[in-house]
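Student:
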Amino acid sequence: MTSCRWTRCTPAGDWPKPSFLFGGSTGTGLSGALSWSDVVFPVWTADLVRKAEAEPRTSGIGRRGVLAVNEATGDVAALTLLDFYPTLPSWGVQRDSVVIPSERGHGLGLCVKARMLRWLREQRPDIARVHTGTGSGNEHMIRINHLLGHRTTSVSVGVNAKISELRDRPVEAAGRKIESPTSSAEIG
Numbered sequence: 024m025t026s027c028r029w030t031r032c033t034p035a036g037d038w039p040k041p042s043f044l045f046g047g048s049t050g051t052g053l054s055g056a057l058s059w060s061d062v063v064f065p066v067w068t069a070d071l072v073r074k075a076e077a078e079p080r081t082s083g084i085g086r087r088g089v090l091a092v093n094e095a096t097g098d099v100a101a102l103t104l105l106d107f108y109p110t111l112p113s114w115g116v117q118r119d120s121v122v123i124p125s126e127r128g129h130g131l132g133l134c135v136k137a138r139m140l141r142w143l144r145e146q147r148p149d150i151a152r153v154h155t156g157t158g159s160g161n162e163h164m165i166r167i168n169h170l171l172g173h174r175t176t177s178v179s180v181g182v183n184a185k186i187s188e189l190r191d192r193p194v195e196a197a198g199r200k201i202e203s204p205t206s207s208a209e210i211g
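Quick note, my numbering runs 23 ahead of the 1-based positions in the sequence shown.
1. I'd like to know whether the C-beta atoms of residue 149 and residue 112 end up nearer to each other than 8 Å.
2. Determine whether the beta carbon atoms of residue 114 and residue 147 lie at a separation below 8 Å.
3. By a C-beta neighbour count over all protein chains shown, 10 Å radius and 16 as the cutoff for buried, is residue 182 buried or exposed?
4. Counting C-beta neighbours from all protein chains within 10 Å, is the total for residue 97 16 or more, i.e. buried, or is it exposed?
5. To which residues does DSSP link residue 106 through a beta bridge?
6. When you compare each of 160, 140, 95 and 145 to residue 170 by their alpha carbons, which one comes out closest?
7. Please classify residue 180: does DSSP put it in a helix, a strand, or coil?
8. Tell me which residues share the same chain as residue 133 and place their Cβ nearer than 6 Å to its Cβ, disregarding the 5 neighbours each side in the sequence.
9. Tell me whether residue 153 counts as near the ligand PLP, meaning its Cβ is closer than 7 Å to at least one heavy atom of that ligand.
10. Please list the terminal residues of the continuous beta strand (DSSP E) segment that includes residue 154.
11. DSSP state of residue 101, grouped into three classes?
12. Report the three-state DSSP secondary structure of residue 77 (helix, strand or coil).
13. Could you name the residues of the same chain whose beta carbon sits closer than 6 Å to that of residue 106, not counting the 5 residues immediately before and after it, in chain order?
14. Closest to residue 90 by C-alpha separation, out of 71, 142 and 80, would be which residue?
15. Find out if the Cβ-Cβ distance for the pair residue 126, residue 95 is shorter than 8 Å.
16. Taking its Cβ as the centre, do 16 or more other Cβ atoms sit within 10 Å of residue 120, making it buried, or is it exposed?
17. Please classify residue 157: is it buried, with 16 or more other beta-carbons within 10 angstroms of its beta-carbon, or exposed?
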């Protein structure tokens, strides 16, 4: 495997088979009323990824990425992205980390994330902390994060529903009925 890294935007040129990197490639994360089959993802070309990156850049959000590329096929095998926000100057915020299914189990997730952290120490000594998260069922990424020195600080629960299946009704809270407000003046 070969790795490459970039700052600010996606590397120049075309990516081989980039669509796995963004949107639904893991098949985990959604449960309950929604499933991955309910989500329609675009085909992410390198050009579309660059366009999606343009808006955060205009807000001063920086991004760094590390790819692992299969030397035999030229295909992207793994990716990790890290964002930097002007409002959190000493933090890095982990975005996507993905390994394609055919390349899993060979340490690529650990490799790209470790390479990112080494790069940060060399080039961004102002970054003191990195925030990352993963689904509670993603035992492999949890293990990788712990191997890199992250520690679990909280566990959250996500809920979702199709809008068409939500009920328009008063909310029951603390044993009393709370009616929906009829005007914006009642909110607060």
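Virtual Cβ for every residue (Gly too), placed ideally from N, Cα, C.
Tutor: Once the coordinates are examined:
1. yes
2. no
3. exposed
4. exposed
5. 86 and 116
6. 140
7. coil
8. 167
9. Judged by which ligands are present, the structure shown has none, so any question about the ligand PLP falls away.
10. 152-154
11. strand
12. helix
13. 84, 86, 116 and 118
14. 142
15. no
16. buried
17. buried
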